[in-house]
């Protein structure tokens, strides 16, 4: 359709692969929740709302995101501040903003606003990126990470930091800066360990190397997850037949450890098919980034898609014991509203960047 009033911008490859992933997520969630239909219906409503958000976010020209990137970042930061002041404390953490019956995790907005702002900030800079721009970018990334980590939410804080680092790397960062940043990270690791990490977070990291040292405490989650995945074999035990899941040995089956449920009940074949869909989405995003209309669009697509990949990889490494348990949902599969809305919004932005092909004046 050539009429601008009726044209709908969307990428069919992304749209239908995400649709398939979301349907599978509801299917897996039904088993992980011990056939609790109310949970699945609630998640279905989130999925439908998410698709509307993705379609809506796909329609604006990328220039709108460029012009409003600073305001979006300020809005996300203010939401974090409101969370610290008015957010309810749940299990020792202040992560949620509650407006009437609706509650959402404020840090999700930062995962989107930070890479878009940095893409705008770095997108028009001459290559290679100068020391001043790198310094400003790293300060912004650190402040964003610090605000989220103090909620405390180390997992989301890590994703927020990575979303900014990915944009910085893609913008043309030299390898000397990368090496220097690595050295700085190593030097500052004692400070991070003693100041930024809560005691329970330090315990999780320590338990990672030897979960059997505390099999009924901090090591329980990792041990049960490994048992579940390993017992699935090639074809799995069957839908709703996972002993670790159905007998409640496996914790957080609807959120952080839902991949373990999939591994136990659907085996290697089910895991392979699921990861193939993720791989297809990431390859499609890579293609869209390479064919985007300008540097800003390429940085946004690259930053958001790599953040999506990092979220996926961290969850997978977490459930098999390669990373500490940090509270990281499996994208489009785990139960939850805030993270799901954030994902749909992100892919709506990616679609906007990829489908509006008119070149901007140089």
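Numbering (our numbering), first residue to last: 6 to 367. By construction, the Cβ of each residue, glycine as well, lies at the ideal position given by its N, Cα and C atoms. Since the model is a prediction, treat every value here as computed from it, not as a measurement.
For this session: Counting only the same chain and skipping the five closest in sequence on each side, list residues whose C-beta sits under 8 Å from that of residue 348.
Result: 55, 313, 336 and 337
Exercise. What do you get for residue 168, buried or exposed, if any count of 16 or more other CB atoms within 10 angstroms of its CB means buried?
Worked result: buried
For this session: Between the Cα of residue 46 and those of 322, 28, 166 and 58, spot the shortest distance and give me the residue it belongs to.
Result: 28
Exercise. Any contact of the stretch 318–335 with the stretch 219–234, i.e. 3+ C-beta pairs under 8 Å?
Worked result: yes
Problem set entry | Own chain partners of residue 273 with C-beta closer than 6 Å, once the 5 adjacent residues on each side are dropped | 239
Exercise. Since residue 22 contacts residue 360 with CB under 8 Å, what's their CB separation in whole angstroms?
Worked result: 16 Å between Cβ atoms; not a contact.
Exercise. If you drop the 5 nearest sequence neighbours on each side, which residues of the same chain put their C-beta closer than 7 Å to that of residue 71?
Worked result: 125 and 301
Exercise. Roughly how many angstroms lie between the CA atoms of residue 308 and residue 165, to the nearest whole one?
Worked result: 11 Å
Exercise. Is it the case that the Cβ atoms of residue 245 and residue 40 are separated by a distance below 9 Å?
Worked result: yes
Exercise. How many Å lie between residue 304 and residue 146 at the Cα?
Worked result: 16 Å
Exercise. What separation, rounded to the nearest whole angstrom, lies between the Cα atoms of residue 207 and residue 183?
Worked result: 26 Å
Exercise. At what residues does the beta strand (DSSP E) containing residue 104 begin and finish?
Worked result: 101–104
Exercise. Nearest to residue 346 by CA position, among 89, 111 and 84, is which residue?
Worked result: 111
For this session: Have a look at 90, 119, 128 and 284 and flag the residue whose alpha-carbon is nearest the alpha-carbon of residue 155.
Result: 90
Exercise. With respect to the beta strand (DSSP E) encompassing residue 108, which residues constitute its N-terminal and C-terminal limits?
Worked result: 107–110
Problem set entry | Environment of residue 320 [buried if 16+ CB atoms lie within 10 Å] | buried
Problem set entry | Enclosing alpha helix (DSSP H) for residue 76 [first to last residue] | 74–91
Problem set entry | Whole-angstrom C-beta distance between residue 15 and residue 377, which should lie under 8 Å | Since the displayed the chain opens at 6 and closes at 367, residue 377 lies outside it and no answer follows.
For this session: Return the chain-ordered list of same chain residues with a C-beta closer than 7 Å to the C-beta of residue 198, the five sequence neighbours on each side being excluded.
Result: 207
For this session: Say whether chain D places a C-beta atom closer than 9 Å to the C-beta of residue 280.
Result: In the structure shown, chain D cannot be found, because there is only a single protein chain.
For this session: Express the C-alpha separation of residue 242 and residue 92 in angstroms, rounding to a whole number.
Result: 42 Å
For this session: Note down the Cα distance separating residue 74 from residue 138, rounded to an integer number of angstroms.
Result: 17 Å
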